[in-house]
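In this note's numbering, the protein residues as written are 226 to 351.
Where a beta carbon is used, it is the ideal one built from N, C-alpha and C, also for glycine.
None of the values given here were measured: they were computed from a predicted structure.
Below: the structure, in structure tokens.
So this is what it looks like as structure tokens:
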């Protein structure tokens, strides 16, 4: 069975973790990009790592925004949030609206800061 992963925030951190997950058999990694969308669609990600070497990561699907990912009507097993955490400025938990399948999806936060999980827990934990 294929595991479907969606990376929300495919900057340096999200792209790196997505690239590592994509190397696992039966894992499809898709990404939501903003400013780098066109470059990722055309070229993927060039990853340079002292530990893992240099390689190219081509996402299974690349979306320019959360609505495009919703329109794809995929059911994600894991949604990895790697956006910059700015809890005093915005609530990124709302980005996941209609992307999370409460019976199937697990949310993974790769963000710095204390309390970044609280908005997600308030919305998605029962």
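Less than 7 Å divides the Cβ of residue 258 from the Cβ of residue 235.
Around the beta-carbon of residue 308, 16 or more other beta-carbon atoms lie within 10 Å, marking it buried. Taking a C-beta distance under 7 Å as the contact criterion, residue 287 and residue 256 qualify as a contact pair.
The three-state secondary structure of residue 278, taken from DSSP, is strand. With respect to the 7 Å criterion, residue 264 and residue 254 are not classified as neighbours on the basis of their beta carbons.
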